[in-house]
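This report concerns only the one structure given below.
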Amino acid sequence: MALFDWMAEATGPVLRGQGVLLRPPRPADHVEWAELRGGSRDYLQPWEPAWAEDDLTRAAFRRRLGVYAREMELGTAWPLFIFDPDEEALMGAITLSNIRRGVAETGTLGYWIGQPYAGQGAATAAARAMLGFAFDALKLHRVEAACVPTNQASRRVLEKAGFRHEGLAKAYLKINGAWADHLLFGVIRDEFVPDPAASSFYIRESL
């Protein structure tokens, strides 16, 4: 799929979970995305890499979409925005990235939820929907995730979604300007119990 076509139509997987809808981001999402990220900055920044100075600008957002388009075209990552079921409010985002094939058949899950929607189950529902996509559609064997040890909310999301705590990685990722230890989690396809509320993925010709 050509990059211009993807950015214009935002074709890709659309997933439904318990109270959430996941779909690829589009250029028209910029304002809502920037407002949610900006308004949640103090809440999100302790758990994320340092933001670039222009991170919330339209130009930076379009660059982000370009990266997403290439990743989806190559099948190495699937970045989706999290909405309420009627697609009226952006709640956050989730990405299945670093997909490795061959002897690994593995991907890495990451997500964020805007502060107004924290603690409402959206992240767990999105994670379970994405795991269903990873195992059923992409036929991955394993999905990994990690969180800072003090991020108890993220740990609860992973555990409720079906991940198993596997260990601790010292100075694993650079978070908010400093190298931080991370708890490591994983789930394999044979262990995952599908969410009955999640729908099968499909491809929209035009969004």
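For the record, in the sequence shown the residue sitting at position 54 is 53 according to numbering that gives the first Met the number 0, with numbers rising by one throughout. All residues carry an ideal CB built from backbone N, CA and C; glycine is no exception.
Problem set entry | Contiguous alpha helix (DSSP H) assignments of at least 4 residues, all confined to the stretch 53-88 | Under the rule that a run must span 4 or more residues, the alpha helix (DSSP H) segments found entirely inside the stretch 53-88 read 57-73.
Exercise. Taking the beta strand (DSSP E) that R15 falls in, what are its first and last residues?
Worked result: Where R15 is concerned, the enclosing beta strand (DSSP E) stretches over 12-16.
Exercise. If you run the structure through DSSP and keep just helix, strand and coil, what is H29?
Worked result: DSSP places H29 within a helical segment (H, G or I) once states are collapsed to three.
Problem set entry | Distance between R61 and A51 (C-alpha atoms, nearest Å) | About 14 Å.
For this session: Could you say which of V186, E87, H181, D41 lies nearest to Y171 if we only look at CA atoms?
Result: Of V186, E87, H181, D41, the residue nearest in Cα terms is H181.
Problem set entry | C-alpha distance - A49 paired with H164, whole-angstrom precision | Rounded to the nearest angstrom, the two C-alpha atoms are 26 Å apart.
Exercise. For Y116, which residues from the same chain have a beta carbon less than 7 Å from its beta carbon, with the 5 sequence-adjacent residues on both sides left out?
Worked result: M90, G91.
Exercise. Could you give the C-beta distance for L21 and L79, rounded to a whole number, given that I count them as a contact under 8 Å?
Worked result: The pair is a contact, with the Cβ atoms about 4 Å apart (cut-off 8 Å).
Problem set entry | Coarse secondary structure for W46, derived from DSSP in three states | Of the three classes helix, strand and coil, the one that applies to W46 here is helix, per DSSP.
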